[in-house]
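**Student:** Please see the structure below; I have some questions.
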Amino acid sequence: MGDASAGATGTGRNEAPAGSDPIPAKAHAANLELWNAWSRIHEHAPGYNTAGFLSGETSLTPVELEELGSYVHEGTTLLHLQCHFGLDTMSWARLGADVVGLDFSGEAVALARRLAGEAGLSARSEFICSDLYDADSHLGVRRFDVVFVNWGAIEWLPDLERWAGIVARHLKPGGTFYMAEIHPFAQTLDDDAPEGELRVRYRYFPAPDEPDVDAINGSYADPDADTTGLVSYCWAHSFAEILGALTGAGLHLEQFHEFPFAPAPLWSWTIQEGKIFWLPDGSGGRRRDQPLTYTLRASKPAA
Amino acid sequence: MLDDYLKANLASWDEVTSVHVASDLYDVDGFRAGRNSLSSLEQTELSPLVGEGTSMLHLQCHFGLDTLSWVRQGATATGMDFSGEAIAQARSLAEELGLSQRATFVQSDLYHLPDVLEGEFDVVFTSWGALIWLGDLERWAQIVARFLKPGGTFYVAEFHPNAFLFADDSTPESLRIGYPYFQYGVPQRFDEPGDYADPDARTQNTVTFEWNHGLGEIIDPLLRNGLRLDFLHEFPYTIPGLPFPFLELCEDGLKRVKGRHDDVALSFSLRMTKEG
Chain A
15 MGDASAGATG
25 TGRNEAPAGS
35 DPIPAKAHAA
45 NLELWNAWSR
55 IHEHAPGYNT
65 AGFLSGETSL
75 TPVELEELGS
85 YVHEGTTLLH
95 LQCHFGLDTM
105 SWARLGADVV
115 GLDFSGEAVA
125 LARRLAGEAG
135 LSARSEFICS
145 DLYDADSHLG
155 VRRFDVVFVN
165 WGAIEWLPDL
175 ERWAGIVARH
185 LKPGGTFYMA
195 EIHPFAQTLD
205 DDAPEGELRV
215 RYRYFPAPDE
225 PDVDAINGSY
235 ADPDADTTGL
245 VSYCWAHSFA
255 EILGALTGAG
265 LHLEQFHEFP
275 FAPAPLWSWT
285 IQEGKIFWLP
295 DGSGGRRRDQ
305 PLTYTLRASK
315 PAA
Chain B
15 MLDDYLKANL
25 ASWDEVTSVH
35 VASDLYDVDG
45 FRAGRNSLSS
55 LEQTELSPLV
65 GEGTSMLHLQ
75 CHFGLDTLSW
85 VRQGATATGM
95 DFSGEAIAQA
105 RSLAEELGLS
115 QRATFVQSDL
125 YHLPDVLEGE
135 FDVVFTSWGA
145 LIWLGDLERW
155 AQIVARFLKP
165 GGTFYVAEFH
175 PNAFLFADDS
185 TPESLRIGYP
195 YFQYGVPQRF
205 DEPGDYADPD
215 ARTQNTVTFE
225 WNHGLGEIID
235 PLLRNGLRLD
245 FLHEFPYTIP
255 GLPFPFLELC
265 EDGLKRVKGR
275 HDDVALSFSL
285 RMTKEG
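Order-wise, the sequence lines are chains A and B.
According to my numbering, the first sequence is numbered sequentially starting from 15.
According to my numbering, the second sequence is numbered sequentially starting from 15.
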């Protein structure tokens, strides 16, 4: 159609991309400052329950455990991209995996390493501080059984073709890519809307040169935290773009599920039930008719 | 046995077929004169795979204009639809245009197609407003896989599930969610006297039952039935038949959300290949 906005991506680009980080310097600096601040806040934030993790609880959601759990065994190697301070990474380590978590925030990685020590998981948990787009220079030729991405990761990335190339390069042939993410349609809805109101505010189709720039008010894991002056730069991604990037990198889609709940309060008025947040139906119950999250599983063909 | 939903929908489609044949939207006279009824999506994305002798199965073909457009391009096509009125019109048109040697039309509801049709096809095709008439995409995906040759192509050009979400009183400035994305097999009941091809038509069979389907609900069962995803594309425009008031018809003959031409997903296309 010659319509770039349609997200008809997937040019089959598999080579290691040259060039600089596609995140503009100003956006990179703002997002790094935000995630360093959030890392300090999140160690003690109610939404993360670090104390519960240290006492043995998993931080993973039931969906992730059910859908990826059967691919993670004693000795499975797992790479977690954009791992924040590593609770989910280490929850896979507790299930037997040898894990590598990668994150661009030095504060997050330092906290992850400290918690790995406290949890007795240092021997099978490695944390790397790296920009996502610079992952190759840290990972070299290392390949993993599983590459894992979850919850609010890709919105911080403007270029999914390069992201998918990194995923594919660090998967073993026959390996499994799994992601659990916020639904792209839910990402278009107005997060400041009054209770029960779902209305479109943001674009659905990607615009790499037009990030959404928002002032930050607290955190998804601690709404009352002081985040004065912090700003986020995020990028919209359509399903066509996401799936096109992964198929373009040579992965085969195996599973695509959508869910009417999320692991974080996308609106202040969602209903919490354990780790899961639901839309209210207006009469005290949960609303199940709108998509808030999705999961994808893809495989790298055996050589 | 036809269930009650299917009976109501069948009565509606039997009735509106003659409305559609006479409508400007379907422009049957133009088609007789050689107009290609396929949208720019199918013409761009599927046409390269359809040539002389390509065998095609068109699911839910209505009265067959698109089926016959593929025949004009060289395909040997079978169109299936649950409406006897639509199939009769399709056969009549194929005869009139001298295309009946390479166009077969079969009346069947989708789920029972294997009872009345044999064989495997190079291409299975479905488009524009077909999926909302199906409550069970698990069985649909099995049918698609059943009729595809190994290595064959499945192609869909459809309204995006997001396009069906907006409340009736939505405006381009305020697109509010009023309809479900997930229906879990439970249909929505509509009771509307008009028709998308002729809003002034006053039909008798006004009650229909429809199912919106999320992209995961569409794609996941196809993956489980041995089809590999080649691409999913999404588009901020759609064909003129979508009658929502927040859309406007643009110079290129496609509809977009007024003032938000690049923002909202209104269509998708999907191409998959049967493995083996």
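Here a beta-carbon is modelled for each residue, glycine too, at the ideal position from N, C-alpha and C.
From A:Leu310 to A:Pro38, what distance separates their C-alpha atoms?
**Tutor:** Residue mapping note: residue 310 of chain A aligns to position 296 of the first sequence, counting from 1. Residue mapping note: residue 38 of chain A aligns to position 24 of the first sequence, counting from 1. Spanning the two alpha carbons is a distance of roughly 28 Å.
**Student:** Per DSSP, A:Asn164 is paired with what?
**Tutor:** The sequence position of residue 164 of chain A within the first sequence is 150, counting from 1. DSSP lists A:Ala194 as partners of A:Asn164.
**Student:** Just to confirm the assignment: which complete alpha helix (DSSP H) runs, minimum length 4, are found wholly within the region 101-148 of chain A?
**Tutor:** Runs found: 101-108 and 120-132.
**Student:** Quick one: complete alpha helix (DSSP H) runs, 4+ long, within the region 186-266 of chain A?
**Tutor:** Runs found: 253-262.
**Student:** DSSP three-state call for B:Leu71: helix, strand or coil?
**Tutor:** Position 57 of the second sequence, counted from the start, is the residue given in the question as residue 71 of chain B. In this structure, B:Leu71 counts as strand in the three-state DSSP scheme.
**Student:** Please report the Cβ distance between B:Leu124 and B:Trp154, rounded to the nearest whole angstrom; I am assuming they are in contact, meaning their Cβ atoms lie under 8 Å.
**Tutor:** By one-based count along the second sequence, residue 124 of chain B stands at place 110. By one-based count along the second sequence, residue 154 of chain B stands at place 140. Between B:Trp154 and B:Leu124 the Cβ distance is about 6 Å, and since that is below 8 Å, they are a contact.
**Student:** Who does B:Ser26 pair with in a DSSP beta bridge?
**Tutor:** Position 12 of the second sequence, counted from the first residue, corresponds to residue 26 of chain B. DSSP output for B:Ser26 lists no bridge partner at all.
**Student:** Quick check on B:His126: does DSSP put it in helix, strand or coil?
**Tutor:** The residue you call residue 126 of chain B lines up with position 112 of the second sequence. In this structure, B:His126 counts as helix in the three-state DSSP scheme.
**Student:** Between B:Leu20 and B:Gln74, what straight-line distance do the alpha-carbon atoms span, to the nearest angstrom?
**Tutor:** Position 6 of the second sequence, counted from the first residue, corresponds to residue 20 of chain B. Position 60 of the second sequence, counted from the first residue, corresponds to residue 74 of chain B. For B:Leu20 and B:Gln74, the distance between alpha carbons rounds to 13 Å.
**Student:** Taking 7 Å as the threshold (beta carbon to beta carbon), is A:Arg213 in contact with chain B?
**Tutor:** By 1-based counting over the first sequence, the position of residue 213 of chain A is 199. So yes, A:Arg213 belongs to the interface.
**Student:** Which of helix, strand or coil does DSSP assign to B:Val271?
**Tutor:** Walking along the second sequence from the start, residue 271 of chain B turns up at place 257. Here B:Val271 sits in strand by DSSP.
**Student:** How about A:Asp112 and A:Arg138: are their beta carbons less than 7 Å apart?
**Tutor:** Indexing the first sequence from 1 puts residue 112 of chain A at position 98. Indexing the first sequence from 1 puts residue 138 of chain A at position 124. Contact: yes.
**Student:** So what's A:Arg54 in DSSP terms, helix, strand or just coil?
**Tutor:** Taking the first sequence and counting its residues from 1, the one referred to as residue 54 of chain A is at position 40. Residue state, collapsed to three classes: helix.
**Student:** At the level of alpha carbons, what is the spacing between A:Leu109 and A:Glu88?
**Tutor:** For this step, residue 109 of chain A is matched to residue 95 along the first sequence. For this step, residue 88 of chain A is matched to residue 74 along the first sequence. Approximately 7 Å, taken between the alpha carbons.
**Student:** Tell me the rounded alpha-carbon separation between A:Ser69 and A:Asn63.
**Tutor:** Numbered from its first residue, the first sequence carries residue 69 of chain A at position 55. Numbered from its first residue, the first sequence carries residue 63 of chain A at position 49. Each residue's alpha carbon lies about 10 Å from the other.
**Student:** Give the single residue among A:Tyr308, A:Gly298 and A:Ile290 whose Cα lies nearest to the Cα of A:Glu272.
**Tutor:** Walking along the first sequence from the start, residue 272 of chain A turns up at place 258. Closest option to A:Glu272, Cα to Cα, is A:Tyr308.
**Student:** For chain B, check one thing: does any of its Cβ atoms lie closer than 7 Å to the Cβ of A:Ala254?
**Tutor:** Stepping through the first sequence from its first residue, residue 254 of chain A is reached at position 240. Chain B contact via Cβ: present.
**Student:** For the region 134-145 of chain B, which residues have a beta carbon sitting closer than 7 Å to at least one beta carbon of chain A?
**Tutor:** Against chain A - using a Cβ distance shorter than 7 Å - the region 134-145 of chain B contributes no residues.
**Student:** Going by alpha carbons, who is nearest to A:Gly61 out of A:Leu244, A:Val181 and A:Pro237?
**Tutor:** Reading the first sequence from its first residue, position 47 is the one you call residue 61 of chain A. For the residues A:Leu244, A:Val181 and A:Pro237, the minimum Cα distance to A:Gly61 belongs to A:Pro237.
**Student:** Does any residue of chain B have a CB that is nearer than 7 Å to the CB of A:Tyr218?
**Tutor:** Sequence index remark: in the first sequence, residue 218 of chain A carries index 204 (1-based). Judged by the 7 Å Cβ criterion, A:Tyr218 is in contact with chain B.
**Student:** Which same chain residues, not among the five before or five after A:Glu29, have their C-beta less than 6 Å away from its C-beta?
**Tutor:** As a first step, residue 29 of chain A is located in the first sequence; it is residue number 15 there, counting from the start. Caution applies to A:Glu29, whose pLDDT of 43 falls short of 50 and renders its modelled position unreliable; the model cannot decide the point.
**Student:** What does the alpha-carbon distance come out to for the pair B:Leu151 and B:Gln202?
**Tutor:** Mapped onto the second sequence, residue 151 of chain B falls at position 137. Mapped onto the second sequence, residue 202 of chain B falls at position 188. Their Cα atoms are separated by approximately 16 Å.
**Student:** Let me make sure I understand the geometry here. Which of B:Glu134, B:Gln121, B:Thr287 and B:Gly255 has the alpha-carbon closest to that of B:Leu243?
**Tutor:** On the second sequence, residue 243 of chain B is found 229 positions in, with the first residue counted as 1. Selected option, being the one with the closest Cα: B:Thr287.
**Student:** At the level of alpha carbons, what is the spacing between B:Ser32 and B:Glu99?
**Tutor:** In the second sequence, residue 32 of chain B corresponds to position 18, counting from 1. In the second sequence, residue 99 of chain B corresponds to position 85, counting from 1. Distance between the alpha carbons of B:Ser32 and B:Glu99 is about 8 Å.
**Student:** Please tell me whether, using a cut-off of 6 Å, the distance from the CB of A:Pro279 to the nearest non-hydrogen atom of the ligand SAM is below it.
**Tutor:** For the structure depicted, the ligand SAM is absent and the ligand set is empty, with no information on it obtainable.
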